[in-house]
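Numbering (our numbering), first residue to last: 1 to 254.
We put the beta carbon where it would ideally sit given N, CA and C, even for glycine.
Shown next, in structure tokens, is the structure this report addresses.
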């Protein structure tokens with residue numbers, strides 16, 4: 001009677017929890033579809049405004065916004081490979097993270113060396129090594145602040161994830177979002193000043209291609225912790241929203 005009673009109580013508990021889980025998943029799916037429709041409408045409206053100005057008038061703010069918006073959308077494509085992957089093992093995830101960390105460390109070292117070799121800027125009180133050091137310190141402090149901020153998030157929920165899984169996922173999302181601010185500035189500067197429009201198109205195309213694996217990095221973390229592929233793709237796009245938002249002021253100030 002003991003095992004049977006345990007089985008009956010477990011089945012009853014599952015029946016009580018199943019409708020709640022279904023309702024929660026259904027509500028989440030509706031929100032994701034609604035956000036997808038909003039993104040589609042914003043894309044259509046931005047395209048119309050961007051190409052409604054004569055080409056001989058030069059790049060407009062709407063055109064700069066449009067190209068920045070395209071780079072943000074390309075980040076969502078990084079979730080597409082997850083449609084063909086049934087599951088991500090911890091071993092595979094760790095190996096991929098190690099490979100990505102090695103590549104990013106190499107790229108950071110190359111940029112560090114390049115920054116140290118820059119000639120001094122006229123009128124600046126900071127030397128290139130000081131600027132590089134300040135930028136590196138700001139990046140480290142930002143990561144430490146993000147970790148400290150998320151350390152107490154025990155009851156936060158993101159999609160269907162809860163607890164410790166969310167802390168790691170949110171850290172990736174926050175870092176990618178902060179990283180997008182500088183990319184947006186790069187888009188705006190490439191269209192600003194006396195730069196030919198072709199330079200802006202080239203920079204935007206390069207960043208769009210670059211954003212696809214960034215979206216994949218975000219999606220791997222989110223999907224491996226229980227989020228749907230659609231949800232991961234939408235979150236990937238949201239991490240790149242600073243790109244069109246920062247492209248406009250960067251273009252106007254350059």
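message: Counting beta carbon pairs with one atom in the region 30-42 and one in the region 170-180, are three or more of them shorter than 8 Å?
response: no
field: alpha helix (DSSP H) runs wholly inside the region 36-107, at least 4 long, in chain order
entry: 61-76
query: Excluding sequence positions up to five away, which residues of its chain have a Cβ less than 7 Å from the Cβ of residue 252?
result: none
query: Excluding sequence positions up to five away, which residues of its chain have a Cβ less than 7 Å from the Cβ of residue 13?
result: With a pLDDT of only 45 at residue 13, under 50, the local geometry of the prediction cannot be trusted, and the value read off the model is given with reservation. Nothing meets the Cβ criterion.
task: On a CA-only basis, which of 111, 109 and 67 is nearest residue 198? Give me that one, please.
output: 67
query: Out of curiosity, what's the CA-to-CA distance linking residue 276 and residue 52?
result: Summary: the structure shown does not reach residue 276, with the chain confined to residues 1 through 254, and so no result is reported for it.
field: Where the alpha helix (DSSP H) through residue 148 begins and ends
entry: 128-150
- prompt: Looking only at its own chain, which residues have a Cβ that is under 6 Å from the Cβ of residue 246, when we skip the five neighbours before and after it?
  reply: 181, 184 and 185
- request: Measuring alpha carbon to alpha carbon, tell me which of 226, 225 and 69 ends up nearest residue 238.
  value: 69
task: Could you tell me whether the Cβ atoms of residue 171 and residue 150 are closer together than 8 Å?
output: yes
query: Whose C-alpha, out of 50, 73, 33 and 64, is nearest the C-alpha of residue 208?
result: 73
query: Given residue 214, which residues of its chain have a CB within under 7 Å of its CB, disregarding the five upstream and five downstream residues?
result: 75, 78 and 176
query: Which term fits residue 29, buried or exposed, when burial requires 16 or more other beta carbons within 10 angstroms of its beta carbon?
result: exposed
- request: In angstroms with no decimal places, state the Cα-to-Cα distance between residue 11 and residue 34.
  value: Confidence at residue 11 is low in this model, with a pLDDT of 46, below 50, so the placement of that residue should be treated as unreliable; the coordinate-derived value is given next. The alpha-carbon atoms of residue 11 and residue 34 are separated by roughly 34 Å.
Assigned exposure category for residue 103 - 16 Cβ within 10 Å defines buried: exposed
task: With distances taken Cα to Cα, identify the nearest neighbour of residue 129 among 140, 115 and 121.
output: 115
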